[in-house]
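According to the numbering used here, numbering within the sequence shown proceeds without interruption in unit steps and concludes at 992. Yeah, the Cβ is synthetic: ideal placement off N, Cα and C, and Gly gets one too.
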Amino acid sequence: MTMIAYTMVKSVATEARGIADETIRFHAVFVDPTRRVKKGLFVPLENGAETLKLAIEHGAIGAFWRLGDPLPRYIPNQFPLFFVPSPLEAAAALFARYVEQSGAAGEAEFFFTLPDGASVDEDVRRRLADLQKRWLNVRPAKGCEDVCESQ
């Protein structure tokens, strides 16, 4: 079972804080703080201080964090944060590295979809749609016969 290793996430970050446990494995990378995930890495797009708490409640065990953004007081000291210039670009780099290393055999999930009514820049929305499309092209459709996968 190939999940996303702590060291892989750290390799796309400028610096990290919180627990530095190389045995941590992320099962999902997600941008929607309302999505329930198991052992997720959260990618805040806007209002990180407001959305991170919700993401933690929904299964985030770590997060990318924009360099220079103030940290909310509620973040546990042990919670892994990976500091990057752009959380979205860091997620894209992590996605590319993960697919390169594990391909369709990987068990981790990437969720680049936003909740209905999310207000983000149109460029961000296009970038997310492109990443989601690339992810779906890499992953075989679950529960589908070979006929379905070839479409």
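- Taking the Cα positions, G881 is about 11 angstroms away from D873.
- F871 and F952 do touch by the CB rule: their CB atoms are close to 4 angstroms apart, below 8 angstroms.
- The beta carbon of P913 is closer than 6 angstroms to those of A890 in its chain, skipping five residues each way along the sequence.
- For R907, the enclosing beta strand (DSSP E) covers residues A901 to R907.
- Nearest neighbour of G900 by Cα position, chosen from R968, Q973 and A869, turns out to be A869.
- Looking at the DSSP output, V870 bridges to L882 and F951.
- DSSP places E856 within a strand segment (E or B) once states are collapsed to three.
- Under the 10 Å beta carbon count, G958 is surrounded by fewer than 16 other beta carbons and is classified as exposed.
- With contacts defined by Cβ atoms closer than 8 angstroms, L922 and W906 form a contacting pair.
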